[in-house]
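All remarks here apply to the structure that follows.
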């Protein structure tokens with residue numbers, strides 16, 4: 001068991017990547033560790049001829065992943081868009097791990113992200129001592145990815161100020177990064193490309209310019225299609241995280257996961273699963289990622305303060321906090337849901353009582 005709290009994808013799944021590379025006889029784009037077919041198998045799961053099982057990293061439409069991989073094999077950047085919790089960052093990391101064997105060429109987008117974070121900065125001690133030189137440059141993750149022919153990642157692109165976003169245009173279109181202070185440039189090596197992610201909820205925060213949009217192929221990652229698909233995603237991630245965190249309790253019962261996912265899906269949709277009852281939707285996103293967090297936190301409560309089995313009381317303690325982000329508006333929506341849906345649903349009385357006590 002590793003001592004790292006969270007390994008990079010290429011570390012955590014090194015055995016799977018090695019097995020895929022050993023069996024992969026298909027054509028690979030320049031500097032790719034795997035062929036596009038093998039990258040898709042790594043993300044979507046499968047069985048190799050020697051019996052090795054490749055676990056699915058993404059559960060959803062195969063064509064979406066194939067489109068994303070095909071984009072990265074061209075000269076176009078890839079833009080992954082979706083609601084919070086639709087696995088944009090997760091898919092981005094695993095694509096980079098499978099293609100380049102390195103998912104760490106990352107720029108985290110924020111309102112304070114500067115142009116230097118995307119282009120390059122300076123070692124000011126060397127700059128003052130020797131003047132502008134190649135040795136004084138501090139390369140950004142994008143510059144290093146260009147030099148090494150790897151996949152670079154930009155998270156939360158629409159949170160970056162518009163004028164900083166546009167510094168990507170030359171990189172994406174010309175595959176060069178000018179260094180005017182030295183009268184030179186860095187030209188991208190084959191294998192370089194860029195994956196950016198953007199949140200649907202952030203639309204309009206720092207809208208992408210039309211020039212920048214044209215440099216990307218966009219793939220929209222949707223919410224899980226069905227209850228069963230979302231339950232499978234939550235169960236898989238909870239099992240993986242439980243092992244990584246070394247939680248001593250029992251694996252959560254499938255029915256407990258199903259209840260949490262059902263609550264999240266109904267409150268997100270503003271309607272019960274049977275379509276008979278309209279509901280008020282809380283202000284939060286209630287994403288699949290948050291459902292995973294609720295189950296994991298409940299497992300920690302059960303393991304350290306209970307008998308190790310995830311029960312309604314453990315779930316309720318975390319569930320209320322996940323749903324009620326606005327203490328006024330969300331509380332009203334949650335109490336209404338408890339009284340009209342949870343209270344009346346067969347087999348849910350224990351969850352109703354536990355949540356009512358906290359609410």
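Numbering (the UniProt record's numbering), first residue to last: 1 to 359. A virtual CB, placed ideally from N, CA and C, is assigned to each residue, including glycine. Remember, it's a predicted structure, so these values are computed and weren't measured experimentally.
Taking a cut-off of 8 Å on C-beta distances, the segment 287-296 touches the segment 226-241, as three or more cross pairs fall below it. Only residues of its own chain outside the window of five on either side were considered, and among them 315, 348 and 351 have a CB closer than 8 Å to the CB of residue 259, listed in chain order. When DSSP assignments are scanned along the segment 281-326, no uninterrupted stretch of beta strand (DSSP E) that is 3 or more residues long falls wholly within it. The beta carbons of residue 127 and residue 136 sit closer together than 7 Å.
Here DSSP, grouped into helix, strand and coil, assigns residue 34 to coil.
Between the segment 23-35 and the segment 86-96, the count of C-beta pairs closer than 8 Å stays below three; the two stretches do not touch. Here residue 197 is buried: its Cβ has 16 or more other Cβ atoms, across all protein chains shown, within 10 Å. Residue 243 and residue 85 have their C-alpha atoms roughly 21 Å apart. Residue state for residue 178 is assigned as strand, using DSSP reduced to three classes.
When the alpha-carbon of residue 7 is set against those of 104, 157 and 48, the nearest one is in 104.
Rounded to whole angstroms, residue 190 and residue 67 show a C-alpha spacing of 20 Å. Three or more beta-carbon pairs separated by less than 8 Å are not found between the segment 300-311 and the segment 206-224, which leaves the two stretches without contact. Put simply, of 194, 346, 3 and 218 the residue whose alpha carbon is nearest the alpha carbon of residue 100 is 194. In the structure shown, residue 264 adopts helical secondary structure according to DSSP, grouped into three states. Taking one beta carbon from each stretch, the segment 175-189 and the segment 138-146 have 3 or more pairs nearer than 8 Å; the two touch.
Note on geometry: alpha-carbon atoms of residue 285 and residue 207 lie some 21 Å from one another. Here the C-alpha atom of residue 111 lies approximately 12 Å from the C-alpha atom of residue 117.
Runs of the alpha helix (DSSP H) spanning 4 or more residues and lying entirely within the segment 192-273 occur at 210-213, 227-245 and 254-269, in chain order. Excluding its 5 nearest sequence neighbours in each direction, residue 54 has C-beta neighbours in its own chain below 8 Å: 16, 19, 20, 41, 42, 45, 46, 47 and 48, listed in chain order. Membership of residue 142 in the alpha helix (DSSP H) is indicated by the continuous run 141-148.
Per DSSP, the beta-bridge partners of residue 184 are 179. Distance between residue 88 and residue 209, taken at the CA atoms: about 21 Å. Contiguous beta strand (DSSP E) elements confined to the segment 72-140 occur at 77-82, 106-108, 120-122 and 137-139, taking only those with 3 or more residues. Look at residue 167 here: in three-state DSSP terms it is coil, with no helix or strand label. When the beta-carbon positions are compared, residue 217 and residue 78 come within less than 7 Å of each other. Rounded to whole angstroms, the gap between the alpha carbons of residue 261 and residue 179 is 50 Å. Taking a C-beta distance under 7 Å as the contact criterion, residue 303 and residue 247 qualify as a contact pair.
In the three-state reduction of the DSSP assignment, residue 152 falls in the strand class, which pools E and B.
Scanning 265, 108 and 9 for the CA closest to the CA of residue 91 turns up 9.
Taking all protein chains shown into account, residue 184 has fewer than 16 neighbouring C-beta atoms within 10 Å of its C-beta and is therefore exposed.
Restricting attention to 299, 35 and 241, the CA atom closest to the CA of residue 256 is found in 299.
Sequence-distant partners of residue 227 (beyond 5 residues in either direction) whose C-beta falls short of 8 Å from its own C-beta, in its chain, are 258, 261, 262, 265 and 273.
C-alpha of residue 130 to C-alpha of residue 124: approximately 10 Å in a straight line. Secondary structure of residue 27 (DSSP, three-state): coil. The Cβ neighbour count for residue 282, taken over all protein chains shown within 10 Å, is at least 16; the residue is labelled buried.
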